[in-house]
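With the sequence shown counted from 1, adding 6 to any position gets you the working numbering. A virtual CB, placed ideally from N, CA and C, is assigned to each residue, including glycine. Computed from a prediction, not measured in an experiment: that's the story for all the values here. See below for the structure under consideration.
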Amino acid sequence: MRDSWMICGQKFALSNLCWPIEEDRAALRIIRALGYRGLELAPFKVFGGWDGVTRADVANYMDFAASEGLSVIALQGILFGANLDPIFLGPKARLALLKHATHVARMAGEFGGLPCVFGAPGLRKLLDLSASEADRIAIPLFRELGSIFKDQGSILVLEANPERYGCEYVTKTGDAVSLVGEVDHPGFRLHVDTGTVCINEENDEALEAYVGTAAHFHISEPNLDSLSITNPRHRQFGDILRSSAYADWISVEMKQPVGDWQTCLHRSAQVIEAYYDVQPGH
């Protein structure tokens, strides 16, 4: 079996969740050598917090990534470490979210205007609200968030999080499609995550219907495990992406493994090359 792979496509990225921050330069060199062109950032991991992150800090990290041949293409984990309460707890919780989102949107704008993934399953507890009651709160909230991000030249992208992750609101990709449609704001768009699709056993026909409307796309496994060449759905996902109108970055998301993170990176490239990369005749 081959022990190295090379991605040919121009718009594949990898999240920095997969390696220890002290190995950042080594990891960037590995992923660029594997053919990745983009880097998705969890800002808290890079900067160690939210307060006091300056425009110069952002510019310095962009220069650092560029020196290794990579572009910063998206932000994730944007609510991690912000000590926020669930959005349905009350107006005070939502005001705190809006205040924090202003910082994130500014940062995303300074990075060049990036999609920012809204996940945070713990903030999406229904707290005894019905689905319709939650929608009445969420729709204007996400519309306001969309305006905050659009004003900075970036977008907030909504990720469905399955119940397995402790989420109670927007747990299926179809739910995210519906909410994005109800909010109807250019600063608030759909994000698709294959781990969620797999956990929920969402069908290919549904994915085909909405993937072309997405603004961001994660290739992941359930529980953010390392990508597996034996997961049969990756071939289906790759075929759907290539035949769709989706033309933005495709980002691999994996948690840092207990063992060898370098092997995790190499195996991700194996999956990308086998199932998602540019194919003959495409």
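- Listed in chain order, the beta strand (DSSP E) runs fully inside the region 15-82 are 18-21, 44-47 and 77-81, counting runs of at least 3 residues.
- Nearest in C-alpha terms to Val-258, of all of Val-264, Pro-228, Lys-178 and Asp-266, is Pro-228.
- With fewer than 16 other Cβ atoms from the protein chains shown falling within 10 Å of its own Cβ, Leu-104 counts as exposed.
- For Glu-165, the enclosing beta strand (DSSP E) covers residues 161-165.
- Of the candidates Ser-73, Leu-85, His-222 and Lys-261, Lys-261 places its Cα closest to the Cα of Leu-23.
- The region 234-249 makes contact with the region 272-286: 3 or more CB pairs, one atom from each, lie closer than 8 Å.
- For the pair Leu-196 and Tyr-171, the CB atoms are not nearer than the 8 Å cut-off.
- Contact annotation, Ala-126 with Leu-85: C-beta distance approximately 4 Å; criterion of less than 8 Å satisfied.
- Ser-257: not part of any alpha helix (DSSP H); member of the beta strand (DSSP E) spanning 256-258, first to last residue.
- As the crow flies, the alpha-carbon of Gly-180 is around 8 Å from that of Ala-212.
- Annotation for Ala-99: Leu-90, Asp-91, Pro-92 and Ile-93 place their beta carbon closer than 8 Å to its own, counting only its chain and skipping 5 residues before and after.
- Taking 4 residues as the shortest admissible run, the region 169-197 contains the following complete alpha helix (DSSP H) segments, listed from N- to C-terminal end: 179-189.
- Residue pairing by DSSP leaves Phe-148 without any beta bridge partner.
- Contact between the region 75-85 and the region 114-122 is present: three or more C-beta pairs spanning the two stretches fall below 8 Å.
- Nearest to Ala-221 by C-alpha distance, out of Lys-51, Leu-164, Ala-88 and Phe-53, is Leu-164.
- The three-state secondary structure of Ile-93, taken from DSSP, is coil.
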